[in-house]
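See structure below.
In full-length UniProt numbering, the protein residues as written are 1 to 41.
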């Protein structure tokens with residue numbers, strides 16, 4: 001699926017504006033990517 005990448009840009013800004021962190025992990029090429037985030041409670 002192709003996209004512009006703006007969704008991750010907006011998500012990163014939102015998470016960081018609330019004092020959180022966002023990161024990505026992958027098991028390798030063509031294995032998909034998982035995006036995770038935390039925000040303080």
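Every residue, glycine too, gets a C-beta built ideally from N, C-alpha and C. Just so it is clear, the structure is predicted and the values come from calculations on it, not from any experiment.
Item                                                                                                                                                                           : Value
Pick out the complete alpha helix (DSSP H) segments inside the UniProt domain "Histidine kinase/HSP90-like ATPase" (2-40), 4 residues or longer, and give them in chain order. : 6-17
From residue 12 to residue 2, what distance separates their C-alpha atoms?                                                                                                     : 19 Å
Can you give the Cα-Cα distance for residue 40 and residue 18, rounded to whole angstroms?                                                                                     : 8 Å
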